[in-house]
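First the structure, in the form of structure tokens, and then the observations on it.
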Amino acid sequence: MEAIERVYQFINDAETYFLATVCEDQPRVRPFGTVLLADGKLYIQTGKAKDVSKQIAANSKVELCALKDGQWLRLAGELVNDDSHDVKVAMLEKMPSLKGMYSADDDNMQMLYFKNATATFASFTGAPEVVTF
Ligand SMILES: Cc1cc2nc3c(=O)[nH]c(=O)nc-3n(C[C@H](O)[C@H](O)[C@H](O)COP(=O)(O)O)c2cc1C
Numbered sequence: 509m510e511a512i513e514r515v516y517q518f519i520n521d522a523e524t525y526f527l528a529t530v531c532e533d534q535p536r537v538r539p540f541g542t543v544l545l546a547d548g549k550l551y552i553q554t555g556k557a558k559d560v561s562k563q564i565a566a567n568s569k570v571e572l573c574a575l576k577d578g579q580w581l582r583l584a585g586e587l588v589n590d591d592s593h594d595v596k597v598a599m600l601e602k603m604p605s606l607k608g609m610y611s612a613d614d615d616n617m618q619m620l621y622f623k624n625a626t627a628t629f630a631s632f633t634g635a636p637e638v639v640t641f
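This note's numbering puts the first residue of the sequence shown at 509, with every later residue one more than the last.
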């Protein structure tokens, strides 16, 4: 399995992860659940009206942490905005509950993909494993 697929699978199975951004000199963190693998890119979704989106616009460096079966993943990288209609539709189809809040044609729905990403899989029992994509 390619590194990006493995990372996607882990986050998808974990269902909830915590996304950290930087706001001036203050870290900010919140729960997230959206994830999509499309066109070889790992996407997350948010709303442009949210503080999290404004923080990413000001500083695209983020880190997320997901936990599953005693193993955790830290994924650090930069997020890139992608206004592709197709990728918004794909996200809404994958997580239909989003349709109550977003549509592919509103001015709010935002898809962001990771670039220069470093993923570290860790547990209390084994050595950390680092993959990049
Ligand atoms: C389980 C769970 C999953 C969530 N997933 C997302 C998500 O994928 N994208 C999103 O924008 N907000 C998601 N939220 C809501 C955000 O955590 C919430 O809007 C948060 O306040 C956004 O951060 P901010 O206040 O810094 O903008 C989720 C909330 C929960 C409880």
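A virtual CB, placed ideally from N, CA and C, is assigned to each residue, including glycine.
{"query": "contact_flag[the region 625-636, the region 572-591] where n(CB pairs < 8 Å) is 3 or more", "result": "yes"}
{"query": "Buried versus exposed call for L620 [16 or more other C-beta atoms within 10 Å across all chains shown]", "result": "buried"}
{"query": "Presumed contact (8 Å Cβ cut-off) between L550 and F622, rounded CB distance", "result": "5 Å"}
{"query": "CB-CB length for I564 against T529, believed under 8 Å", "result": "6 Å"}
{"query": "Residues that I564 bridges to, as DSSP identifies them", "result": "DSSP output for I564 lists no bridge partner at all."}
{"query": "Residues near L545 in its chain [Cβ-Cβ closer than 6 Å; skip 5 each side]", "result": "Y516"}
{"query": "Burial state of L572 (16 or more Cβ within 10 Å)", "result": "buried"}
{"query": "Cβ separation of I512 and G548, assumed to be a contact under 8 Å, to the nearest whole Å", "result": "7 Å"}
{"query": "Alpha-carbon to alpha-carbon, L600 and L587", "result": "19 Å"}
{"query": "Three-way DSSP call (helix, strand, coil) for F518 in this model", "result": "helix"}
{"query": "Where E523 sits in the DSSP three-state scheme", "result": "coil"}
{"query": "Beta-carbon proximity of E510 to F641, cut-off 9 Å", "result": "yes"}
{"query": "Opposing strand residues paired with D590 [DSSP bridges]", "result": "M619"}
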